[in-house]
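Chains as they are written, first to last, in the UniProt record's numbering: chain A, 1 to 257; chain B, 1 to 257.
In what follows, a single structure is set out as structure tokens and then discussed.
2 protein chains.
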Amino acid sequence: MQRIKCVISYDGSEFSGYQVQPNGRTVQEEIEKALQKMSKGNPIRITASGRTDAGVHAKGQVFHYDTELEIPEDRWKKAINTLLPPDIRVLEIEKVSSSFHARFDVREKTYKYFVDVQEDIDIFKRKYAYHYPYPLDLDEMSKACELLQGEHDFTAFCAANSGVKGDKIRTIYQAHIKCTGNQIVFTFTGSGFLYNMVRILVGTLLEIGVGKRRASDILSIIESKDRNNAGKTAPAHGLYLWKVRYEEKNEKQRVRV
Amino acid sequence: MQRIKCVISYDGSEFSGYQVQPNGRTVQEEIEKALQKMSKGNPIRITASGRTDAGVHAKGQVFHYDTELEIPEDRWKKAINTLLPPDIRVLEIEKVSSSFHARFDVREKTYKYFVDVQEDIDIFKRKYAYHYPYPLDLDEMSKACELLQGEHDFTAFCAANSGVKGDKIRTIYQAHIKCTGNQIVFTFTGSGFLYNMVRILVGTLLEIGVGKRRASDILSIIESKDRNNAGKTAPAHGLYLWKVRYEEKNEKQRVRV
């Protein structure tokens with residue numbers, strides 16, 4: 001039995017999210033179907049770094065699974081990509097130690113959020129960036145980003161119906177904003193993120209950007225631990241799970257397929 | 001009665017082309033439906049600068065139509081965009097002289113063609129660029145572009161089943177290639193283009209890029225006036241009708257709405 005680690009990209013537009021559910025097309029289901037075909041009908045269960053919601057995209061989602069299938073190494077990626085629908089692509093495949101776990105071993109995750117700020121929506125970005133055509137105070141937003149960095153109890157930035165168990169203390173290593181032309185990109189790197197956390201962070205930062213709130217409000221929102229005090233949840237289609245990093249041990253143990 | 005000139009963008013992915021046809025969703029049909037709603041049910045017929053095929057995009061298609069409707073000028077664009085589906089957007093609207101004609105008055109058109117040359121397809125571009133992951137000789141392709149410029153009989157670059165009436169002499173004012181990262185953009189500006197002409201030009205230039213043909217072959221292909229001597233027709237989804245320019249008289253006569 002061999003454990004395989006897989007990095008994938010998907011366009012979330014036509015998925016009801018990552019995780020298998022009774023109704024709606026999901027990323028997990030499409031991948032498991034493809035792997036089952038490769039495994040001559042044997043069902044395969046995959047384990048991802050975490051879920052993504054309906055409409056959320058991925059540039060570097062990671063999952064693992066176990067297989068007894070022996071496929072010549074250079075053909076593996078091509079073989080599975082042939083079986084996958086055009087909105088999911090395998091980017092990297094590698095054999096890893098059987099101790100590697102795509103969810104438990106996550107060291108940090110990076111999310112990006114794209115905002116299209118031009119007056120007329122760019123229809124080619126309509127599924128890939130949030131159209132928010134208002135003048136934004138980027139300096140104030142950047143100050144707020146700095147305040148978000150570090151270890152905090154992010155209860156106020158977690159969806160009220162999250163069902164998250166355990167504490168809501170997370171560490172944001174980096175939160176920053178980059179503006180290029182008509183596009184603003186938010187980048188968040190952290191130890192982990194709560195349900196809807198990035199989208200609520202972006203919604204709150206945009207409200208700071210248009211002057212509804214001030215950067216310093218971030219501290220009192222965090223302290224309040226009350227979701228009602230944070231901003232709106234920004235829509236799913238601007239969000240990308242960008243990169244998942246793992247413990248060094250797995251980096252060393254892995255063997256490129 | 002007032003003549004209106006309209007510049008629109010559309011994502012061709014989910015259209016069976018521009019022109020109304022018995023089966024399939026078309027750009028023209030969606031716009032005429034929206035205008036009919038605005039005109040209290042009176043049917044409106046629009047006239048575009050030309051057709052685009054299924055899957056072809058537009059960043060600056062132009063059409064005109066006549067209306068007796070009086071709408072406050074600043075509300076017109078917003079009103080129609082509210083009625084249009086999300087894959088068509090009106091970018092500019094202006095009242096023009098009744099002598100303006102969106103097709104007959106075309107002075108020049110610009111098309112762009114996007115090619116994604118990275119090894120792994122970028123799934124977010126899969127409907128918006130042609131994935132062609134082969135090393136390309138850009139110098140040789142640029143030489144070929146220079147040879148295409150000027151007035152030529154482009155019969156060899158016109159789809160055999162085009163039904164084009166009249167001569168096939170056209171003038172290409174500018175043909176060039178720009179490479180940025182993993183993306184190559186072809187730009188063609190000319191007096192007019194034959195059916196499938198840009199896609200056949202791109203297909204031929206890519207064959208020059210991979211060394212199947214040489215730049216100098218362009219001249220003999222043109223001279224042959226035989227479609228069989230040119231390259232393959234590149235797929236529709238990389239192509240954008242980018243800009244349509246009109247005679248100066250209309251530029252002067254127009255009144256911004």
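Backbone N, C-alpha and C define an ideal beta-carbon position, used for all residues, glycine too.
Anticipated Cβ contact below 8 Å, A:Ile200 with A:His152, distance rounded: Contact between A:Ile200 and A:His152 is absent: CB atoms are separated by about 13 Å, not below the 8 Å threshold.
First and last residue of the beta strand (DSSP E) that includes B:Ile177? It spans 169 to 180 - the beta strand (DSSP E) in which B:Ile177 sits, taken as one unbroken run.
Nearest-angstrom Cα distance between A:Trp242 and A:Ser49? Each residue's Cα considered, the two are about 12 Å apart.
Chain-ordered neighbours of B:Arg91 on chain A, where CB pairs are closer than 9 Å: What sits at residue 91 of chain B in the sequence shown is Leu, not Arg. Asp120, listed in chain order.
List in chain order: all unbroken alpha helix (DSSP H) runs of 4+ residues lying wholly within the UniProt domain "Pseudouridine synthase I TruA alpha/beta" (144 to 247) of chain A. 197 to 209, 217 to 224, all fully within the UniProt domain "Pseudouridine synthase I TruA alpha/beta" (144 to 247) of chain A.
Report the residue from B:Ile8, B:Asn196, B:Thr180, B:Val202 whose alpha carbon sits nearest the alpha carbon of B:Arg89. It is B:Ile8 whose Cα lies nearest to the Cα of B:Arg89.
Going by C-alpha to C-alpha distance, which of A:Ile184, A:Arg170, A:Ile169 sits closest to A:His176? Out of A:Ile184, A:Arg170, A:Ile169, A:Ile184 has the C-alpha closest to the C-alpha of A:His176.
Please look up how many angstroms separate the CB atoms of A:Thr47 and A:Tyr65, rounded, as I've assumed it's under 8 Å. Indeed they touch by this definition, with Cβ atoms about 7 Å apart.
Going along the chain, which residues of its own chain have a beta-carbon closer than 7 Å to the beta-carbon of B:Glu30, five neighbours each way excluded? A distance below 7 Å between beta-carbons, with the five flanking residues on each side excluded, links B:Glu30 to the following residues of its chain, in chain order: Leu84, Pro85, Ile88.
For A:Leu194 and A:Ile169, the rounded distance between their alpha carbons: Going by the C-alpha atoms only, they are around 9 Å apart.
Cα-Cα separation between B:Gln253 and B:Ser97, rounded to whole angstroms: A caution first: B:Gln253 carries a pLDDT of 49, below 50, which makes its placement in the model too unreliable to give a value.
Put A:Glu92 into one of helix, strand or coil per three-state DSSP. Three-state result, A:Glu92: strand.
Status (buried if at least 16 other CB within 10 Å, exposed otherwise) for A:Lys232: Answer is exposed; the Cβ neighbour count stays below 16.
Assumed close pair residue 266 of chain B, B:Glu247 - CB separation to whole angstroms, cut-off 8 Å: This structure does not reach residue 266 of chain B, given that chain B is present from 1 up to 257, and the question cannot be answered.
Are the Cβ atoms of B:Ser236 and B:Ala54 separated by less than 8 Å? Contrary to the premise, residue 236 of chain B reads as Ala rather than Ser in this sequence. Cβ distance < 8 Å, so B:Ala236 and B:Ala54 count as in contact.
Nearest-angstrom Cα separation, counted from B:Glu14 out to B:Lys127: The alpha-carbon atoms of B:Lys127 and B:Glu14 are separated by roughly 10 Å.
Where A:Ile123 meets chain B, residues with beta-carbon distance less than 8 Å: Think of a sphere of 8 Å around the beta carbon of A:Ile123: the chain B residues whose beta carbon falls inside it are Ser9, Tyr10, Asp11, Pro86, Asp87, Ile88, Arg89, in chain order.
Enumerate in chain order the residues of its own chain whose CB-to-CB distance from A:Val20 is below 8 Å, with the five nearest sequence positions on each side excluded. Hits under 8 Å: Thr26, Gln28, Glu29, Glu32.
Give the secondary structure of B:Ala54 by DSSP, where H, G and I count as helix, E and B as strand, and everything else as coil. Look at B:Ala54 here: in three-state DSSP terms it is coil, with no helix or strand label.
Determine, using beta carbons only, whether B:Val257 comes closer than 8 Å to chain A. The predicted position of B:Val257 is uncertain, since its pLDDT is 45 and thus under 50; a value taken from the coordinates is nonetheless stated next. Residue contact with chain A for B:Val257: absent (no Cβ-Cβ distance below 8 Å to any residue of chain A).
For B:Thr82, which of helix, strand or coil comes out of DSSP? Three-state DSSP puts B:Thr82 in a helix.
At least one CB of chain B closer than 8 Å to the CB of A:Arg214: is that the case? Output row for A:Arg214: interface = no.
Nearest to B:Asp217 by CA position, among B:Gly41, B:Gly163, B:Ala156, B:Lys178, is which residue? Sorting B:Gly41, B:Gly163, B:Ala156, B:Lys178 by C-alpha distance to the C-alpha of B:Asp217 places B:Ala156 at the top.
Quick check: the Cα distance between B:Glu92 and B:Gly181, rounded to an integer number of angstroms? Each residue's CA atom was taken as its position, placing B:Glu92 and B:Gly181 some 31 Å apart.
In whole angstroms, give me the CA-to-CA distance for A:Lys5 and A:Thr67. The straight-line gap from Cα to Cα measures roughly 11 Å.
Please state whether the Cβ-Cβ distance between B:Val210 and B:Leu136 is less than 8 Å. It is a contact, given that the beta carbons lie within the stated cut-off.
Return helix, strand or coil for A:Gly24, following the three-state DSSP convention. Correct three-state label for A:Gly24: coil.
Alpha carbon to alpha carbon, what distance is there between A:Lys178 and A:Tyr130? Rounded to the nearest angstrom, the two C-alpha atoms are 15 Å apart.
Quick one: is A:Arg126 near chain B, going by C-beta distance under 8 Å? By this cut-off, A:Arg126 is an interface position.
Give me the DSSP bridge partner(s) of A:Ile8. The partner list for A:Ile8 (beta bridge, DSSP) reads A:Gln61, A:Val90.
Which whole-angstrom value is the C-beta distance of B:Leu206 and B:Tyr132, which I expect to be below 8 Å? Confirmed, Cβ separation roughly 6 Å.
I need the straight-line Cα distance from B:Ile80 to B:Tyr113, nearest angstrom please. So the two alpha carbons sit approximately 29 Å from each other.
Select from B:Ser162, B:Met1, B:Cys145 the residue whose C-alpha is nearest the C-alpha of B:Lys95. Nearest C-alpha to B:Lys95 among B:Ser162, B:Met1, B:Cys145: B:Met1.
What does a CB cutoff of less than 6 Å around A:Glu140 pick up in its chain, not counting 5 residues either side in sequence? If we look at A:Glu140 and ignore the five residues flanking it on each side, its Cβ neighbours are Ile208, Ala215.
Does DSSP put B:Gln253 in a helix, a strand or coil? Note that B:Gln253 scores 49 on pLDDT, short of 50, meaning its location in the model is unreliable; the coordinates nonetheless yield the value given after this. Three-state result, B:Gln253: helix.
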